[in-house]
Amino acid sequence: MPASQCPSCGAPVEIKNRFSKVLVCAYCGTHLRVSGDGFDATGKHPKLAEFPSLFQVGSRGTILGKPFTAMGRMRYNYTGGHFDEWFLEYDGGTAWFTEDEGTYSLYAEVEDAAELPDISAIRAGQNLLIGGKKVMVKEKGVAEVAGAEGELSFYIVPGTKVVYMDGISEGKKISIEATEDEIEMFIGRLLLSRDIVVQ
Ligand SMILES: [Zn+2]
């Protein structure tokens, strides 16, 4: 795990999860891309505004009875408000947890969905075939990455517009995010408040 100094402000910075690609310096807000044994500064962004949240970076507890640590988050703004996506160490692996106006979902599987048909033509209510899975699209919209904190295995530069789609496949919750560069499909489930215990 690389441990070194922030190239922007000199503060000690350390990556804790081997899958992390980006670390946000907690001192100066510079976004640092993991590069070999060190970090490349990619830009300084304002700290995230504080909204009520279940987690902060470093929070631990259990989800569905299995241990997690909150490593970092990305925030997205959309017309209805904002949502947060937390990168978790979860049950010996990694997972994503979304917090959207009091609705919580856990996504433990991520697939590259590069073979997705032309995303601009997709409409809510449509069925898609992605990686052999039939996905019913429930909602589609555009969000903008507002910022990030902590460390992240999946990263999009703040200001980037993201097309997001929520759907269902085989009883599982599907979340698809597409930028001009990549399309990721997250597979998971809705959680109830009682499924989440923060220490
Ligand atoms: Zn710094």
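Read in order, the letters of the sequence shown are residues 15 to 213 in this note's numbering. Cβ coordinates follow ideal geometry from the N, Cα and C atoms, glycine included. These numbers were taken from a predicted model, which means no experiment stands behind them.
Checklist entry - Would you report the Cα separation of Asp51 and Lys148, rounded to the nearest angstrom? => result As a first step, residue 51 must be located in the sequence shown, where it is residue number 37. As a first step, residue 148 must be located in the sequence shown, where it is residue number 134. Going from the Cα of Asp51 to the Cα of Lys148 covers about 41 Å.
Item to check | Those runs of the beta strand (DSSP E) which lie wholly inside the region 43-73 and span at least 3 residues | outcome: Listed in chain order, they are 44-49 and 52-58.
Checklist entry - When you compare only the Cα positions, how much space is there between Ser119 and Thr112? => result Sequence index remark: in the sequence shown, residue 119 carries index 105 (1-based). Sequence index remark: in the sequence shown, residue 112 carries index 98 (1-based). Using only the alpha carbons, I get a separation of about 5 Å.
Checklist entry - Alpha carbon to alpha carbon, what distance is there between Gly181 and Gly95? => result Your numbering for residue 95 matches position 81 in the sequence shown. Your numbering for residue 181 matches position 167 in the sequence shown. Taking the straight line joining both Cα atoms gives about 20 Å.
Item to check | Nearest-angstrom Cα separation, counted from Ala192 out to Ala128 | outcome: The sequence position of residue 128 within the sequence shown is 114, counting from 1. The sequence position of residue 192 within the sequence shown is 178, counting from 1. Inter-residue distance for Ala128 and Ala192 is about 9 Å (C-alpha atoms, whole angstroms).
Checklist entry - On the premise that Ile136 lies in contact with Leu142, defined as a C-beta separation below 8 Å, what is that separation, rounded to the nearest angstrom? => result Counted from its first residue, the sequence shown places residue 142 at position 128. Counted from its first residue, the sequence shown places residue 136 at position 122. About 7 Å separates the CB atoms of Leu142 and Ile136; that is less than 8 Å, so the two are in contact.
Checklist entry - Going by beta carbon distance, what residues of the same chain come within less than 8 Å of Gly43, once the five residues before and after it are set aside? => result On the sequence shown, position 29 is the one that residue 43 refers to. Closer than 8 Å at Cβ, skipping near neighbours: Lys58, His59, Pro60 and Lys61.
Checklist entry - Taking the C-alpha atoms as reference points, what is the distance between Gly164 and Gln140? => result Counted from its first residue, the sequence shown places residue 164 at position 150. Counted from its first residue, the sequence shown places residue 140 at position 126. Taking the straight line joining both Cα atoms gives about 36 Å.
Item to check | Selected residue, minimal CA-CA separation from Phe214, among Arg74, Glu194 and Thr93 | outcome: Residue 214 lies beyond the range of the chain shown here (15 to 213); nothing can be said about it.
Next on the checklist: According to DSSP, simplified to helix, strand and coil, what is Ser134?
Outcome noted: Residue 134 sits at position 120 when you count from the first residue of the sequence shown. If DSSP states are grouped into helix, strand and coil, Ser134 belongs with the helices.
Checklist entry - Is it the case that the CB of Tyr104 approaches a heavy atom of ligand 1 more closely than 6 Å? => result On the sequence shown, residue 104 is found 90 positions in, with the first residue counted as 1. No.
Checklist entry - Among all the DSSP beta bridges, which residues are the ones paired with Val38? => result Along the sequence shown, one-based indexing puts residue 38 at 24. Residue pairing of Val38 in beta bridges, as defined by DSSP: His45.
Checklist entry - Which first and last residues belong to the beta strand (DSSP E) in which Pro26 is found? => result Residue numbering aside, residue 26 sits at position 12 when the sequence shown is read from its first letter. Run containing Pro26: Pro26 to Glu28, per the beta strand (DSSP E) assignment.
Item to check | Ala160 to Val176 span [Cα, whole Å] | outcome: For the purposes of this step, residue 160 is taken as the residue at position 146 of the sequence shown. For the purposes of this step, residue 176 is taken as the residue at position 162 of the sequence shown. If you draw a straight line from the Cα of Ala160 to the Cα of Val176, it comes to about 11 Å.
Checklist entry - Who sits around ligand 1, taking every residue whose Cβ is closer than 5 Å to one of its heavy atoms? => result Residues flagged by the Cβ proximity filter: Cys20, Ser22, Cys23, Ala25, Cys39, Tyr41, Cys42 and Thr44.
Checklist entry - Phe69 and Glu103 look like a contact to me (Cβ under 8 Å); what is the Cβ gap, rounded to whole Å? => result Here residue 69 refers to the residue found at position 55 when the sequence shown is read from its first residue. Here residue 103 refers to the residue found at position 89 when the sequence shown is read from its first residue. Contact between Phe69 and Glu103 does not hold, since their C-beta atoms are separated by about 12 Å, which reaches or exceeds 8 Å.
Item to check | Spatial distance of Asp54 from Ile170 (CA atoms) | outcome: Locating residue 54 in the sequence shown gives position 40, where the first residue counts as 1. Locating residue 170 in the sequence shown gives position 156, where the first residue counts as 1. Taking C-alpha positions only, Asp54 is separated from Ile170 by approximately 15 Å.
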